[in-house]
Amino acid sequence: MDCITCVCSHPDLPILLTGSNDETVRVWNSGILLPSSLRVYWTLSTEKLQL
């Protein structure tokens with residue numbers, strides 16, 4: 001894992017999401033700061049729009 005560049009917390013659940021320079025997003029259990037056992041995966045894509 002590359003260095004973490006962003007962190008987002010869930011308002012009600014003990015979950016943190018982290019994003020890294022290596023383009024990974026990880027889900028963490030913020031109660032124990034270990035990777036969550038949730039088996040949820042996302043595929044994210046972006047594209048630049050010309051205005």
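At the far end of the sequence shown sits residue 51, using the UniProt record's numbering, and the numbering has no gaps. All residues carry an ideal CB built from backbone N, CA and C; glycine is no exception. Note that the coordinates shown come from a computational prediction; the quantities given were computed from them, not determined experimentally.
Per-residue DSSP class, three states only, for residue i
| i | result |
| --- | --- |
| I15 | strand |
| N29 | strand |
Cβ pair residue i, residue j closer than 8 angstroms
| i | j | result |
| --- | --- | --- |
| V25 | L17 | yes |
| T5 | N21 | yes |
| G31 | P14 | yes |
Distance, residue j Cα to residue i Cα
| i | j | result |
| --- | --- | --- |
| V7 | V27 | 10 angstroms |
Proximal residues to residue i (C-beta, below 6 angstroms), its chain only, five neighbours per side dropped
| i | result |
| --- | --- |
| residue 92 | This structure cannot settle anything about residue 92, because the visible part of the chain is limited to 1 through 51. |
Contacting residues, own chain, Cβ-Cβ under 8 angstroms from residue i (five flanking each side not counted)
| i | result |
| --- | --- |
| C3 | S20 and N21 |
Those residues which DSSP pairs with residue i across a bridge
| i | result |
| --- | --- |
| C8 | L17 |
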